[in-house]
Amino acid sequence: MQSGIENAVASQAHRGLVGGQGEAGGVLKTPEELADIVSRFAASDGWMERVRLRTDGRWYERLYHGPDHDLWVISWLPGQSTGFHDHGASSGAFVVVTGSLEERRPGEQAQSIYPGRGRSFGPDYTHDVGNGSLGPAISIHAYSPPLDEMNEYEVDEGRLVPRERGQADGLDEVWRVERQEKRAGRLSVEQMLSAARARLQRLSAREAHDALGKAGTILVDIRPESQRAAEGSIPGALVVERNVLEWRLDPTSSARLAVATDHDVHVILFCSEGYASSLAAAALQDLGLWRATDMVGGFKAWRAAGLPIGDGGPRCGSDAVD
Ligand SMILES: [Fe+2]
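So the sequence shown is numbered by the working numbering: it starts at 1 and just counts up by one.
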């Protein structure tokens, strides 16, 4: 298991070297990484309660919008389709979670896509996706950089010709809905948690233990002092309380710790039970710490696994460079 995670991390490191830069300097996701993200998000419960069905057109909502990618859920009633379109400069991936969809590519026969299956693609990918079945379908999509342009095409004697109106009218609708949703308060904390975890290569307590001490890896305790005193500590973990975490670990911050040498540091966060640590790890990824993750089950899982624990432990998070 550990070697699999190491391989995934090493693979990401390699791709990071050749990947592009998103806004705020985040490394863009590859189509393969986006496929992994949509699969993991589809397996979570972060989208199910958001789904709506509309008879007047596809329904869609952006459930996560980060610096390097976004996440969407789309519902399709029978007969609803996108028409031919591209995704601007974005790479993308989607997975069907229920029902079935058909994808048409220029000059190719339509291909059916069933639950658990999907597509991943780089920029300049053009397709027409629709629901040709007799029942509704739902799909999860991710794009990197986040989708901000779609161009529509029509077929003219077998060739794709851009529609004159340029950017898809459908996106205008998306932005309008999104603005309304933002005003209404659009994500529950459970959805935020699912979106965060879809981005993380989370580690079990045993895997975190085995990673401890490796070059470039730090285990970080983000619990408040009162919780550390009550529960105990993990020997070798660095204490950085949640309220100063970003300032201490951003390598560009004047208040960073000496260990915050660059954006490649493998930061493994833990809290008491592994919830706040997931949101915190996603926040670190937004800072460009692309290997940031957290420990499933937090300190309590570590203790339950019989791994070494100490008393309250030293407070190390104040050891900042200035
Ligand atoms: Fe598409």
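Yeah, the Cβ is synthetic: ideal placement off N, Cα and C, and Gly gets one too.
This one's a predicted model, so the numbers in the text were calculated from it and none came from an experiment.
Compute the distance between the beta-carbons of S81 and L147, then report whether it is under 8 Å. Between S81 and L147, the CB-CB gap reaches or exceeds 8 Å.
Which residue spans inside the segment 271–309 form an unbroken alpha helix (DSSP H) run of at least 4? As far as the segment 271–309 is concerned, its whole alpha helix (DSSP H) runs of at least 4 residues are 276–286 and 298–304.
Pairs of beta-carbons, one from the segment 91–111 and one from the segment 29–46, closer than 8 Å: are there three or more? A contact exists between the segment 91–111 and the segment 29–46.
Would you say V129 touches ligand 1, meaning its beta carbon is less than 7 Å from a heavy atom? Flag set: Cβ of V129 near ligand 1.
Short of 8 Å in beta carbon distance, which residues of its chain neighbour V73, apart from the five on each side in sequence? Order them along the chain. Non-local beta-carbon contacts of V73 in its own chain, meaning distances under 8 Å to residues more than five positions away in sequence, involve W47, R50, V51, Y60, E61, L63, I138, S139, I140 and H141 in chain order.
Return the first residue and the last residue of the alpha helix (DSSP H) that V97 is part of. Unbroken run through V97 is the beta strand (DSSP E), S91 to T98; no alpha helix (DSSP H).
Would E246 and P224 qualify as a contact pair, given that the criterion is a beta-carbon distance under 8 Å? Not closer than 8 Å, so no.
Q80 (DSSP reduced to helix, strand or coil): Three-state DSSP puts Q80 in coil, outside helix and strand.
If you check the beta carbons only, do P162 and Y153 fall under 8 Å apart? A distance below 8 Å separates the beta carbons of P162 and Y153.
Reduced DSSP category for W72 - H, G, I as helix; E, B as strand; rest coil: Three-state DSSP puts W72 in a strand.
Buried/exposed call for S3, threshold 16 Cβ in 10 Å: At S3, the pLDDT of 34 sits below 50, so the modelled position is not reliable and the matter cannot be decided from this model.
Once you ignore the five residues that flank R183 on each side, which residues in its own chain have a CB closer than 7 Å to its CB? Annotation note: pLDDT 48 at R183 (below 50); position unreliable, coordinate value reported separately. Only residues of its own chain outside the window of five on either side were considered, and among them none has a CB closer than 7 Å to the CB of R183.
From this set, L287, V265, A305 and G310, which residue's C-alpha is nearest E207's C-alpha? The candidate whose alpha carbon is nearest that of E207 is A305.
Any heavy atom of ligand 1 within a distance shorter than 7 Å of the CB on H85? True, at least one ligand heavy atom lies under 7 Å from that Cβ.
Alpha carbon of V259 to alpha carbon of R248, nearest angstrom: Answer to the nearest angstrom: the Cα atoms are 9 Å apart.
Do three or more CB pairs link the segment 209–222 to the segment 260–271 at distances below 8 Å? Below 8 Å, enough C-beta pairs join the segment 209–222 and the segment 260–271 to call them touching: three or more.
Given that a residue counts as buried once 16 or more other Cβ atoms are within 10 Å of its Cβ, and exposed if not, what is S233? Buried, since its Cβ has 16 or more Cβ neighbours within 10 Å.
On the criterion of 16 or more Cβ atoms from any shown chain inside 10 Å, does V189 qualify as buried, or is it exposed? Exposed: under 16 other Cβ atoms inside 10 Å.
Residue of P251, P78 and R291 minimising C-alpha distance to R202: For R202, the nearest C-alpha among the options comes from R291.
Which two residues bound the contiguous beta strand (DSSP E) that contains Q329? Given a span of 1 to 322 for the chain in the structure shown, any question on residue 329 remains unanswerable.
Tell me whether T261, by its Cβ, gets closer than 7 Å to a heavy atom of ligand 1. In this structure, the C-beta of T261 stays at least 7 Å away from each heavy atom of ligand 1.
How many Å lie between W326 and A205 at the Cα? Look at the range of the chain in this structure, 1 to 322, and you will see that residue 326 is not part of it.
Determine the extent of the beta strand (DSSP E) in which D36 is found, giving its start and end residues. Counting along the chain, D36 falls outside any beta strand (DSSP E), though it belongs to the alpha helix (DSSP H) covering P31 to A42.
Between the alpha carbons of H263 and A215, how many angstroms are there, rounded? Each residue's Cα considered, the two are about 14 Å apart.
On a Cα-Cα basis, can you pick out the residue from K300, G298 and A283 that is closest to I68? Just to set this straight, residue 68 is Asp in the shown sequence, not Ile. Ranking K300, G298 and A283 by Cα distance to D68 puts A283 first.
Taking only beta-carbon atoms, is E33 less than 8 Å away from chain C? Here chain C cannot be found, since the structure has a single protein chain.
Assuming S44 contacts S194 (C-beta within less than 8 Å), just tell me the rounded distance between them. About 4 Å separates the two Cβ atoms, so the contact holds.
Please determine whether the Cβ atom of T30 lies at a distance below 7 Å from any heavy atom of ligand 2. Ligands displayed in this structure: ligand 1; ligand 2 is not among them.
N-terminal and C-terminal residue of the alpha helix (DSSP H) that H209 is part of: That run of the alpha helix (DSSP H) goes A205 to A211.
N- and C-terminal bounds of the alpha helix (DSSP H) containing V189: Where V189 is concerned, the enclosing alpha helix (DSSP H) stretches over V189 to R197.
Going by beta carbon distance, what residues of the same chain come within less than 7 Å of S133, once the five residues before and after it are set aside? So the list reads P78, G99 and S100, once near-sequence residues are dropped.
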